[in-house]
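*Asks:* Numbers given in this note's numbering equal positions in the sequence shown, counted from 1, plus 262.
Glycine included, every Cβ here is placed at the ideal spot set by N, Cα and C.
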Amino acid sequence: MSKYIKIKRGLNIKLAGEANKILSDLPLPETIAVKPHNFIGVTPKLLVKQGDEVQAGTPLLYDKNNEAVKFCSPVSGEVVEIIRGEKRMLLEVRILADKEIKYVDFNKTNPVDLNREAVIEALLNSGVWPFIRQRPYGIIADPNQKPKAIFISAFDSNPLAPDIDFIMQQDGEDFQTGLGALQKLTDGKVHLNISADRTPSKVFAEAKGVEINKFSGPHPAGNVGVQIHHIAPVNKGEVVWSINPQDVLIVGRLFNQGKFDASRMVALTGSQVENPKYYKTIVGCSVKNIIADGGLKAGANRIISGNVLTGQQISYDGYLGFYDYQLTVIPEGHEPEFMGWLMPGLNKLSMSRTFFSWLKPNKKHHLNTNMHGEERPFVISGEYEKVFPMDIYPVQLLKSILIEDIEMMENLGIYEVVEEDFALCEFVCTSKIESQKIVRRGLDALRKEMS
């Protein structure tokens with residue numbers, strides 16, 4: 263039965279630089295990169311060498327821990343560079359893309375006519391499987407397990423997040439086919455969660471074979487972890503899978519067209535972008551052409567693959583992350599501030615009323631990367647609970663991770679969370695604690711303990 267859930271705890275961070283609903287028609291980037299560090303818990307084994315010719319759908323590497331999980335090229339072209347780090351750690355596989363993509367033929371088929379094993383095999387062989395992630399641990403889903411439910415969040419409440427309704431409005435057929443494939447992977451429900459605060463795209467409103475739930479309230483209402491917590495919480499021994507709506511399209515195109523079509527729409531956002539808008543590109547694309555087309559304002563800028571809360575800093579010549587659909591550019595915060603917090607702070611964002619900016623609740627801020635202080639003693643202040651809409655004690659959970667108490671982590675709900683669930687806690691924290699890194703450390707320790 264469909265549910266309506268109102269999120270009361272959270273915080274909408276209003277920033278300048280939202281993408282205009284304009285789709286720019288740029289050619290595909292010259293190079294793309296597959297970056298193994300995008301995949302948590304994966305030990306990559308390379309299958310190609312420099313100079314090899316590949317097609318879209320050709321395996322580039324696989325996971326040594328689960329050899330069935332392959333990572334395939336999203337374009338056709340030549341493997342031009344294999345970048346390694348310390349101890350020969352594989353960092354990137356770069357491919358010089360053809361102007362016209364050639365695809366490996368995986369045969370068109372209707373997933374409704376297939377059994378679960380055949381659907382999984384098709385997703386694994388084509389390189390589409392890594393788009394499906396699981397909780398606990400926030401890792402690539404294990405094809406040998408069966409989830410109790412699959413979740414799709416049809417809206418993103420992060421700062422400057424792309425409008426998923428705008429992105430998906432023309433892709434109903436592929437989306438429905440993707441849903442048909444996902445339904446084969448679980449004996450439970452496929453939950454499609456939409457925002458109750460706006461009118462959803464017909465692609466979502468008319469989706470069949472799923473349970474459509476409505477969420478309202480501030481960020482993180484759009485985070486799939488919050489949605490899982492309120493509908494089908496993850497207990498010890500249980501598994502829940504999730505996938506992004508644009509990745510459902512990739513699943514659908516695999517079965518409708520018989521090819522690994524990894525194209526996606528990316529929003530270029532941020533207060534330092536002259537002309538923020540949307541771009542149709544491909545997984546792992548080089549970002550320099552997109553940034554050059556949008557234009558940057560003068561000054562020292564930080565380029566982020568993803569959003570300002572959970573994204574990763576990249577260079578101007580860098581590549582978009584495998585799971586990212588947003589590119590954000592904000593100013594660096596290296597310059598010292600005159601009198602600091604003693605000033606009225608009309609242009610500063612604060613959850614409390616420390617600054618007079620609370621008099622303008624609808625103001626869109628031009629925030630930079632300044633931390634406004636250094637790490638301080640980690641004390642219980644009640645700040646986290648105001649923005650953490652789960653029935654979990656966030657500070658106590660973080661402290662149990664810091665002391666490496668596995669049993670206490672389990673009792674405090676670590677199976678339900680990943681890094682992004684603590685992003686707002688990190689943002690409002692006056693102690694400047696890097697909560698997301700701590701959560702990842704705990705999840706990795708727990709996964710190692712349970713393996």
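Are the segment 629-649 and the segment 665-673 in contact at 8 Å, needing three or more beta carbon pairs?
*Replies:* No contact exists between the segment 629-649 and the segment 665-673.
*Asks:* Among the residues of its own chain, which have a CB less than 6 Å from the CB of V341, if the five just before and after it don't count?
*Replies:* If you number the sequence shown from 1, residue 341 lands on position 79. Hits under 6 Å: V310, Q312, D314 and I357.
*Asks:* Note the first and the last residue of the continuous beta strand (DSSP E) segment covering Y581.
*Replies:* Within the sequence shown, numbered from 1, the residue matching residue 581 stands at position 319. Counting along the chain, Y581 falls outside any beta strand (DSSP E), and DSSP gives it neither H nor E.
*Asks:* Checking 8 Å against the spacing of the C-beta atoms, do K326 and T305 come in under that value?
*Replies:* Sequence index remark: in the sequence shown, residue 326 carries index 64 (1-based). Sequence index remark: in the sequence shown, residue 305 carries index 43 (1-based). Going by C-beta atoms, K326 is nearer than 8 Å to T305.
*Asks:* Using DSSP bridges, identify the partner residues of V296.
*Replies:* Translated into positions along the sequence shown, residue 296 becomes position 34. Paired residue(s): V355.
*Asks:* Just to confirm the assignment, what range does the beta strand (DSSP E) spanning T531 have?
*Replies:* Within the sequence shown, the letter at position 269 stands for residue 531. Per DSSP, T531 belongs to the beta strand (DSSP E) from S525 to T531.
*Asks:* What does the alpha-carbon distance come out to for the pair E348 and Q575?
*Replies:* Numbered from 1 along the sequence shown, position 86 holds the residue referred to as residue 348. Numbered from 1 along the sequence shown, position 313 holds the residue referred to as residue 575. Cα-Cα distance, rounded: 20 Å.
*Asks:* Once DSSP output is grouped into helix, strand and coil, what is the label at D375?
*Replies:* In the sequence shown, residue 375 corresponds to position 113, counting from 1. The answer is helix: DSSP assigns D375 an H, G or I state.
*Asks:* Taking L353 and D433 to be in contact with their CB atoms under 8 Å, please state how far apart those CB atoms are, rounded to whole angstroms.
*Replies:* The residue given as residue 353 occupies position 91 in the sequence shown. The residue given as residue 433 occupies position 171 in the sequence shown. With a Cβ gap of about 33 Å, L353 and D433 do not count as contacting.
*Asks:* Could you give the distance in angstroms between the alpha-carbon of N485 and the alpha-carbon of P321?
*Replies:* Counting from 1 along the sequence shown, the entry for residue 485 is found at position 223. Counting from 1 along the sequence shown, the entry for residue 321 is found at position 59. So the alpha carbons of these two residues sit roughly 31 Å apart.
*Asks:* Identify whether P507 lies in helix, strand or coil by the three-state DSSP scheme.
*Replies:* As a position in the sequence shown, residue 507 is number 245, starting the count at 1. Reduced to three states, the DSSP call for P507 is helix.
*Asks:* For Q396, I'd like the list of residues in its chain whose CB is within less than 8 Å of its CB, leaving aside the five on either flank, ordered along the chain.
*Replies:* As a working note, residue 396 is residue 134 in the sequence shown. Result list for Q396: I402, A403, D404, Q407, P409, V501, V502, W503 and S504, in chain order.
*Asks:* Under 8 Å Cβ to Cβ from A469, same chain only, skipping five residues before and after it: list those, please.
*Replies:* Reading the sequence shown from its first residue, position 207 is the one you call residue 469. Closer than 8 Å at the Cβ level, and outside the excluded window around A469, lie F437, Q438, L441 and L454.
*Asks:* Per the contact definition of three or more C-beta pairs closer than 8 Å, is the segment 411-427 in contact with the segment 528-548?
*Replies:* Result yes; three or more Cβ-Cβ pairs closer than 8 Å.
*Asks:* How many angstroms separate the CA atom of E688 from the CA atom of E681?
*Replies:* The count along the sequence shown starts at 1 and reaches residue 688 at position 426. The count along the sequence shown starts at 1 and reaches residue 681 at position 419. Those two C-alpha atoms are separated by around 10 Å.
*Asks:* I need the straight-line Cα distance from N551 to L629, nearest angstrom please.
*Replies:* The sequence position of residue 551 within the sequence shown is 289, counting from 1. The sequence position of residue 629 within the sequence shown is 367, counting from 1. If you take the alpha carbons of N551 and L629, they lie about 25 Å apart.
*Asks:* Using the Cβ count rule (16 or more neighbours within 10 Å means buried), how would you classify M430?
*Replies:* Within the sequence shown, the letter at position 168 stands for residue 430. Label assigned to M430: buried.
*Asks:* So what does G339 bridge to, in DSSP terms?
*Replies:* Along the sequence shown, read from residue 1 onward, the residue named residue 339 stands at position 77. Paired residues: V316 and A359.
*Asks:* Can you tell me which of R378, K268 and P482 puts its alpha carbon nearest to the alpha carbon of A765?
*Replies:* Any property of residue 765 remains undetermined from this structure, which presents the chain solely from 263 to 713.
*Asks:* Taking all protein chains shown into account, decide if G556 is buried (16 or more other Cβ within 10 angstroms of its Cβ) or exposed.
*Replies:* Within the sequence shown, the letter at position 294 stands for residue 556. G556 comes out buried.
*Asks:* At which residues does the beta strand (DSSP E) containing F368 begin and terminate?
*Replies:* Here residue 368 refers to the residue found at position 106 of the sequence shown. Here F368 belongs to no beta strand (DSSP E), and DSSP marks it neither H nor E.
*Asks:* Taking the alpha carbon of L444 as the point to measure from, which residue in A384, H596, A467 and Y399 has its own alpha carbon closest?
*Replies:* Within the sequence shown, numbered from 1, the residue matching residue 444 stands at position 182. Among A384, H596, A467 and Y399, the Cα nearest to that of L444 is on A384.
*Asks:* Please specify which runs of the alpha helix (DSSP H), each continuous and at least 4 residues long, are wholly inside the segment 388-442, giving them in chain order.
*Replies:* Those alpha helix (DSSP H) runs which fall completely within the segment 388-442 and span 4+ residues are 426-430.
*Asks:* In three-state terms, what does DSSP make of P593?
*Replies:* Taking the sequence shown and counting its residues from 1, the one referred to as residue 593 is at position 331. Note: P593 maps to strand in three-state DSSP.
*Asks:* Using the DSSP secondary-structure output, state which residues sit across from P656 in a beta bridge.
*Replies:* Mapped onto the sequence shown, residue 656 falls at position 394. DSSP, once it has assigned bridges, lists no residue as partnering P656.
*Asks:* Taking 7 Å as the limit between beta carbons, can you name the residues of its chain near Q658, skipping five residues before and five after?
*Replies:* Sequence index remark: in the sequence shown, residue 658 carries index 396 (1-based). Excluding residues within five positions, the ones whose Cβ falls inside 7 Å are L674.
*Asks:* Compute the beta-carbon to beta-carbon distance between M613 and V690, rounded to the nearest angstrom, for a pair I have assumed lies under 8 Å.
*Replies:* For this step, residue 613 is matched to residue 351 along the sequence shown. For this step, residue 690 is matched to residue 428 along the sequence shown. Sure, about 5 Å apart at Cβ, within 8 Å.
*Asks:* Consult DSSP for A330 and reduce its assignment to one of helix, strand or coil.
*Replies:* On the sequence shown, residue 330 is found 68 positions in, with the first residue counted as 1. If DSSP states are grouped into helix, strand and coil, A330 belongs with the strands.
*Asks:* What is the rounded straight-line gap between the Cα of C547 and the Cα of S643?
*Replies:* Residue mapping note: residue 547 aligns to position 285 of the sequence shown, counting from 1. Residue mapping note: residue 643 aligns to position 381 of the sequence shown, counting from 1. Each residue's alpha carbon lies about 42 Å from the other.
*Asks:* Taking its Cβ as the centre, do 16 or more other Cβ atoms sit within 10 Å of R515, making it buried, or is it exposed?
*Replies:* Counted from its first residue, the sequence shown places residue 515 at position 253. Flag for R515 reads buried.
*Asks:* Do E597 and N563 have their C-beta atoms within less than 8 Å of each other?
*Replies:* If you number the sequence shown from 1, residue 597 lands on position 335. If you number the sequence shown from 1, residue 563 lands on position 301. No. Outside cutoff.
*Asks:* Using the rule of at least 16 other Cβ atoms within 10 Å of the residue's Cβ for burial, across every protein chain shown, is T461 buried or exposed?
*Replies:* Locating residue 461 in the sequence shown gives position 199, where the first residue counts as 1. Exposed is the call here.
*Asks:* Alpha carbon to alpha carbon, how far is V296 from R346?
*Replies:* On the sequence shown, position 34 is the one that residue 296 refers to. On the sequence shown, position 84 is the one that residue 346 refers to. Spanning the two alpha carbons is a distance of roughly 12 Å.
*Asks:* Should D663 be labelled buried (16 or more other beta-carbon atoms within 10 Å of its own) or exposed?
*Replies:* Locating residue 663 in the sequence shown gives position 401, where the first residue counts as 1. This sequence places Ile at residue 663; Asp is not what is there. That one is buried.
*Asks:* Apply the 10 Å Cβ neighbour rule to H260 and answer buried if 16 or more other Cβ atoms are within range, or exposed otherwise.
*Replies:* Residue 260 lies beyond the range of the chain shown here (263 to 713); nothing can be said about it.
*Asks:* Which residue or residues does DSSP assign as beta-bridge partners of K476?
*Replies:* Reading the sequence shown from its first residue, position 214 is the one you call residue 476. DSSP lists Y266 and I456 as partners of K476.
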